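Numbering (my numbering), first residue to last: 103 to 363.
Positions of the beta carbon are idealized from the N, C-alpha and C atoms, including for glycine.
What you are looking at is a predicted structure, and each value in this text was computed from that prediction instead of being measured.
Heads up, the thing below is written out as structure tokens.
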């Protein structure tokens, strides 16, 4: 490697999500010399609780909630889709770097986030002083259909008045024929697998991955799901410095909490 070469030079990396998440990951990959190809394998569909969601958003706009929580940047898209506005009297608590960025980009101040050393839903509960004063708070929690209601349950266990709504569903999205051909031919030579749902989509949509293609799973849970789904990993890549650099680049740009479905 020359003095000015970067660790991911020569890699065309499939980035499996779009939006704020995809933009942040793609930027980090470019900085390390990779060529990212944003090709979402998952998208977000209307909730099965649409009536409940609409009623909750009307109550939100009316100022009935003191706090709103989110663990996905997609919540901002849901608010925009329904032309819903968070009033200035309602504070925002979020988990995840991409989630925080999306709220701030939409003009919503974020009052509470976890510390960097424990950027999880449990971590948020630990650094949220208002929920431990004894006052009963009215909180709206919005999440995906596959997210575990850890934050919701933690607030309920503390005695707060929580309205929890499944705001959207996570669904698989077929990639374009061009992208599939680029993966099967090896022109895209690295696949980023950033969540269990994405692992299942990669296994299903790309059954003929070339042996030299790097399959980079972020986190042991995602890796386990990938193996269960039948996604093949080249054993020669297990200790690859390039694969390690790819995973480290993603982890430096995005919190683990942003890699949930």
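Handout entry: Within 8 Å, strictly: CB atoms of residue 246 and residue 268
Key = Taking the chain shown and counting its residues from 1, the one referred to as residue 246 is at position 144. Taking the chain shown and counting its residues from 1, the one referred to as residue 268 is at position 166. Result yes, Cβ atoms of residue 246 and residue 268 sit closer than 8 Å.
Practice task
Report the three-state DSSP secondary structure of residue 288 (helix, strand or coil).
Solution key: Position 186 of the chain shown, counted from the first residue, corresponds to residue 288. DSSP places residue 288 in coil when its eight states are reduced to three.
Exercise for the section: Have a look at the DSSP bridge pairing and note the partners of residue 173. Expected result: What you label residue 173 is simply residue 71 of the chain shown in a count that begins at 1. Among the bridge pairs identified by DSSP, residue 173 is matched with none.
Handout entry: First and last residue of the uninterrupted beta strand (DSSP E) at residue 316
Key = By one-based count along the chain shown, residue 316 stands at place 214. Residue 316 -> beta strand (DSSP E) spans 316–319.
Exercise for the section: Count the CB pairs spanning the region 331–350 and the region 309–321 that are closer than 8 Å, and state whether there are at least three. Expected result: yes
Practice task
Could you say which of 200, 178, 222, 163 lies nearest to residue 388 if we only look at CA atoms?
Solution key: Lying outside 103 to 363, the shown extent of the chain, residue 388 is not represented and no answer is given.
Handout entry: Where the alpha helix (DSSP H) through residue 257 begins and ends
Key = Counting from one through the chain shown, the residue named residue 257 turns up at place 155. Residues 252–259.
Handout entry: Where residue 355 falls: helix, strand or coil (DSSP)
Key = Taking the first residue of the chain shown as position 1, residue 355 is located at position 253. Helix, per DSSP.
Practice task
Using beta-carbon positions only, say whether residue 262 and residue 229 come within less than 8 Å of one another.
Solution key: Translated into positions along the chain shown, residue 262 becomes position 160. Translated into positions along the chain shown, residue 229 becomes position 127. No, they are not a contact pair.
Handout entry: Beta-carbon contacts of residue 128 that lie in its chain and below 8 Å, excluding the five residues immediately before and after
Key = Against the chain shown, residue 128 aligns to sequence position 26. 117, 138, 140, listed in sequence order.
Handout entry: Euclidean distance between Cα positions of residue 184 and residue 327
Key = Within the chain shown, residue 184 is the residue found at index 82, counting from 1. Within the chain shown, residue 327 is the residue found at index 225, counting from 1. The alpha-carbon atoms of residue 184 and residue 327 are separated by roughly 34 Å.
Exercise for the section: Quick one: grab the DSSP three-state call for residue 311. Expected result: Here the question's residue 311 lines up with position 209 in the chain shown. Coil.
Practice task
Measure from the alpha carbon of residue 276 to the alpha carbon of each residue in 248, 254, 308, 251, then state which is nearest.
Solution key: Stepping through the chain shown from its first residue, residue 276 is reached at position 174. Among 248, 254, 308, 251, the Cα nearest to that of residue 276 belongs to 308.
Practice task
Taking only the alpha-carbon atoms, compute the straight-line gap between residue 91 and residue 239 and give it to the nearest angstrom.
Solution key: Absent from the structure is residue 91, since the part of the chain shown begins at 103 and ends at 363.
Handout entry: the region 186–197 / the region 161–172 touching (three or more Cβ pairs under 8 Å)
Key = The way I'd put it, the region 186–197 does touch the region 161–172; three or more beta-carbon pairs between them come closer than 8 Å.
Problem - residue 279 classed as buried or exposed, judged by whether at least 16 other C-beta atoms fall within 10 angstroms - result: On the chain shown, residue 279 is found 177 positions in, with the first residue counted as 1. Exposed, since its Cβ has fewer than 16 Cβ neighbours within 10 Å.
Handout entry: Other residues of its chain near residue 125: CB distance less than 6 Å, five sequence neighbours each side excluded
Key = Within the chain shown, residue 125 is the residue found at index 23, counting from 1. Once the five neighbours on either side are set aside, residue 125 has no close Cβ partner at all.
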